[in-house]
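Structure first, commentary second.
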Amino acid sequence: GASQTRIDPVVDTAAQVLVVSVPYSIFPEDIGPPSLQWTFPIPDGRVVDTPQLVSCLSLLKHALEELHEDALDPTARNWLEEVIKNADEKARLEALATDLIRAFTRDEIKDKKAVSEILCLVPVLGYDDYHFLLGQFTKTIADSPILDLVELRGLAQLVKSASLGHLHSQDLIVILDLVSSRLQETHKQSPEDIFELTVTVSSVLDAMADIKVTGLKRVDLHEPLLAFLGSLQGNSDPHLKYYSSYAFQALLCVPDNESPWQATVRRTTNIVKGISGLVSAVKGLDLNEFMTGLQNIQQGLEGISQVVDLAKMAYEGGMAVYEGEHDLVASLKEGLTFNRKQAWYSALRGADTLIEGGELAKLRILICGAPCRRELAFQWGVCQRLANLAMNALWDIETRQSSIQFLGEIYRGDLVWGELPSIKSYILDILKQLSTMDSDLQAAAAFLFKDLAMDGDAAKQDIYRSCEKTETSQHILKAGLQGLASPSLLDRVQKRTDVEADLRRIARIRIKERDGTLYIPPMAKANLQASDDVLFKLIPVVDNFLSGDQKVLLLLGDSGAGKTTFNRELDLKLWKAYKPKTGRIPLLISLPAIERPEKDLIAKHLRICEFSESQIRELKSR
1 GASQTRIDPV
11 VDTAAQVLVV
21 SVPYSIFPED
31 IGPPSLQWTF
41 PIPDGRVVDT
51 PQLVSCLSLL
61 KHALEELHED
71 ALDPTARNWL
81 EEVIKNADEK
91 ARLEALATDL
101 IRAFTRDEIK
111 DKKAVSEILC
121 LVPVLGYDDY
131 HFLLGQFTKT
141 IADSPILDLV
151 ELRGLAQLVK
161 SASLGHLHSQ
171 DLIVILDLVS
181 SRLQETHKQS
191 PEDIFELTVT
201 VSSVLDAMAD
211 IKVTGLKRVD
221 LHEPLLAFLG
231 SLQGNSDPHL
241 KYYSSYAFQA
251 LLCVPDNESP
261 WQATVRRTTN
271 IVKGISGLVS
281 AVKGLDLNEF
291 MTGLQNIQQG
301 LEGISQVVDL
311 AKMAYEGGMA
321 VYEGEHDLVA
331 SLKEGLTFNR
341 KQAWYSALRG
351 ADTLIEGGEL
361 AKLRILICGA
371 PCRRELAFQW
381 GVCQRLANLA
391 MNALWDIETR
401 QSSIQFLGEI
411 YRGDLVWGEL
421 PSIKSYILDI
431 LKQLSTMDSD
441 LQAAAAFLFK
451 DLAMDGDAAK
461 QDIYRSCEKT
471 ETSQHILKAG
481 LQGLASPSLL
491 DRVQKRTDVE
501 ADLRRIARIR
511 IKERDGTLYI
521 PPMAKANLQA
531 SDDVLFKLIP
541 VVDNFLSGDQ
551 KVLLLLGDSG
561 AGKTTFNREL
571 DLKLWKAYKP
581 KTGRIPLLIS
591 LPAIERPEKD
601 LIAKHLRICE
611 FSESQIRELK
621 SR
């Protein structure tokens with residue numbers, strides 16, 4: 001914002017490196033990963049929802065001695081201590097997870113919410129349950145003649161969320177072979193299918209790189225996939241172009257079954273006559289830039305080192321080498337440099353690790369200090385990760401606001417971040433979409449979007465006006481897992497009666513009755529004896545009451561003063577804000593319509609609203 005101190009870029013004259021800084025109010029410290037609000041069932045009691053089951057199983061995965069004394073609040077620690085002593089309760093909760101998988105498997109048609117619910121379980125599943133679920137997703141995609149995008153997205157998330165030791169090399173090779181085949185079959189068909197398959201391929205390749213899978217078949221899998229991903233990098237969709245480049249780089253981190261010697265001969269079309277050209281090529285490298293990171297040097301020189309070995313062997317052994325027209329530099333450009341690993345992929349993987357651990361101050365340093373910070377792919381990945389941070393309600397509001405502010409810094413900072421039009425458009429699209437979402441950051445995103453209207457020169461303002469007129473891409477933000485269905489898989493497993501459908505019916509009726517009617521908010525005073533000169537708005541008082549611990553608020557007034565109208569408007573407001581399973585259920589009860597209202601008032605009203613006895617019992621159990 002305007003009140004923040006902007007830190008100007010500084011040039012380190014000794015190293016001739018541009019040091020990038022952003023306001024220190026952006027990600028000022030490492031805060032750790034976001035924590036859940038712990039709630040727990042009583043022994044043998046109903047589990048409220050799947051996230052609660054995941055919370056319980058997550059705690060049970062860790063023995064008490066593995067948790068720091070301050071890692072849990074007293075409620076969570078007491079629950080954990082009790083359940084560890086209660087083997088039956090522990091087994092019951094673990095069996096619920098297995099039963100959810102069985103219920104999911106029995107469904108022939110699996111919608112987004114069912115897939116989302118089962119994926120909630122993945123981080124806490126045991127090895128056998130995880131592998132069974134992995135097999136189910138893989139089989140569905142393999143057997144379906146029409147690509148099921150819901151299951152495909154689920155497979156990508158399943159791979160990304162796997163616990164340590166649950167994925168093996170052969171698992172990932174089989175999945176990559178399947179998804180790669182579908183990707184190449186889908187060419188020139190649905191752009192959405194190509195995009196989702198490319199995203200899934202990148203997730204699988206990330207996992208392969210993480211567990212150091214080796215020995216992919218070069219002819220059957222590695223080389224065809226590499227070529228296909230390379231062809232997608234010329235696509236007009238910038239989102240597909242990014243993911244294909246990302247997957248391409250990830251694939252380069254997964255070695256094939258070819259020896260370094262074979263790779264060098266195959267990829268180098270013109271081998272030089274001697275080693276003199278090699279020396280000049282190495283001398284021509286910008287070593288200052290390469291010294292910015294050991295990993296960057298290692299990756300950048302990997303391909304060249306293979307040529308060094310080849311040239312040395314040819315020179316010392318008197319081998320006959322190919323007599324080409326070009327020198328070594330041209331050979332590198334035509335062969336090795338095209339397939340050389342790039343620093344931005346590793347930088348983004350490092351960013352993912354820092355985000356996962358909540359090390360956000362280090363994330364700021366990484367983004368600002370990366371030698372690849374001006375590269376389009378790196379900036380695209382950074383913007384994507386900042387957008388996901390901003391929209392994830394599990395993070396605190398300061399972290400989410402920092403993410404938006406960081407996007408603004410990249411947009412404005414042409415000197416240090418460059419003037420890539422696609423990045424400017426991407427940032428504007430992110431802010432535009434965030435400003436239309438119902439979230440705590442809606443106003444902040446809308447303010448920044450408007451504030452950027454006059455930033456930069458005419459060309460930059462043209463980008464802004466173009467963004468204003470066009471719709472945002474469907475790939476801009478992925479909201480993560482969908483909200484859980486009603487009834488959910490867990491409800492079915494626990495044989496719970498569905499009430500949400502009838503609650504939605506009541507809500508529709510109430511909203512239809514009141515929505516759009518003229519309403520004037522009433523004024524009130526503290527009591528009947530208070531002076532009419534000291535009035536205040538009634539709704540803030542009622543809101544404070546609803547957010548507090550008090551049980552009864554009595555509204556007094558003369559006939560015709562507007563009490564009924566106010567209550568109906570409050571009823572409308574509460575129904576619009578209602579959240580399934582967790583929200584308060586507003587009941588506007590007319591006492592004259594109830595016989596003997598002093599006894600079982602709420603149940604009688606629900607019967608008038610056509611709720612069954614089992615539904616009333618379900619609501620009472622909440």
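One point on numbering: in UniProt numbering, the residue at position 364 of the sequence shown is 364, and numbering is uninterrupted. Glycine included, C-beta positions come from ideal geometry on N, C-alpha and C. Note that this is a predicted model, so its numbers are computed, not measured.
Apart from sequence neighbours up to five positions away, the residues of its chain that approach L503 with a beta-carbon distance below 7 Å are I585, ordered along the chain. Residue environment: M208 is assigned as buried (16 or more neighbouring CB atoms within 10 Å of its CB, all protein chains considered). Take D532, set aside five residues on each side of it, and the residues of its chain with a beta-carbon closer than 8 Å to its own are K525, in chain order. Less than 8 Å divides the Cβ of K432 from the Cβ of C467. Restricting attention to L415, S422 and A390, the CA atom closest to the CA of A443 is found in A390. Residues of the same chain with a CB within less than 7 Å of the CB of K424, apart from the 5 flanking positions on each side, are Y411, K460 and I463 in chain order.
Taking a C-beta distance under 8 Å as the contact criterion, I141 and L178 qualify as a contact pair. With a threshold of 16 other beta carbon atoms within 10 Å, L587 falls short and is exposed. Cβ-Cβ separation between S435 and A446: approximately 4 Å, consistent with a contact (criterion under 8 Å). Cβ neighbours of D515 within its own chain (closer than 8 Å, five residues either side excluded): L572.
When DSSP states are grouped into helix, strand and coil, F536 belongs to the strand group. The closest CA to that of D30, considering only A247, Q474, L366 and A114, is found on L366. With fewer than 16 neighbouring CB atoms inside 10 Å of its own CB, D220 falls in the exposed class.
If you draw a straight line from the Cα of D549 to the Cα of S621, it is about 20 Å long. Within the same chain, Cβ atoms closer than 8 Å to the Cβ of R364 are found at V22, I26, F27 and F406, the five residues on either side in sequence being excluded. The C-alpha of G45 is placed about 18 Å away from the C-alpha of S58. Per DSSP, W395 lies in no alpha helix (DSSP H) and is assigned neither H nor E.
The region 182-221 contains, as complete alpha helix (DSSP H) runs of 4+ residues, the segments 191-210 (chain order). A524 carries a strand assignment under DSSP once its states are collapsed to helix, strand and coil. The Cβ-Cβ distance between L183 and V204 does not fall below 8 Å. Excluding five sequence positions before and after V47, the CB atoms of its chain that fall closer than 6 Å to its own CB belong to P41 and L53, given in chain order. Annotation: the continuous alpha helix (DSSP H) that includes P74 extends over P74 to K85. When A507, L619, V541 and K604 are compared, the shortest CA-CA separation from R568 is found for A507. Where W417 is concerned, the enclosing alpha helix (DSSP H) starts and stops at D414 to W417. The three-state secondary structure of H239, taken from DSSP, is helix. With distances taken between CA atoms, E471 lies nearest to Y426 out of D455, Y426 and Q494. In its chain, beyond the 5 residues on either side, D571, L572 and W575 have a beta carbon closer than 7 Å to the beta carbon of R510. V122 sits away from L152, with the two beta carbons spaced by 8 Å or more. Using a 10 angstroms sphere on the CB of Y519, the tally of other CB atoms stays under 16, which defines it as exposed. Your pair L240 and I194 checks out as a contact, with CB atoms roughly 7 Å apart and the cut at 8 Å. For the options T399, W380 and A393, the alpha carbon positioned closest to that of L428 is the one of W380.
In this structure, N527 is the residue among S422, P34, N527 and K212 with its C-alpha nearest to the C-alpha of G557. Taken in chain order, the complete alpha helix (DSSP H) segments of 4 residues or longer contained in the region 349-389 are 360-369. Burial is judged here by how many other beta carbons sit within 10 angstroms of a residue's own beta carbon; A250 has at least 16 and is buried. Counting every other CB atom within 10 Å of its CB across the protein chains shown gives G154 a total of 16 or more, marking it as buried.
Distance from the CA of P522 to the CA of L538, rounded to the nearest whole angstrom, comes to 6 Å.
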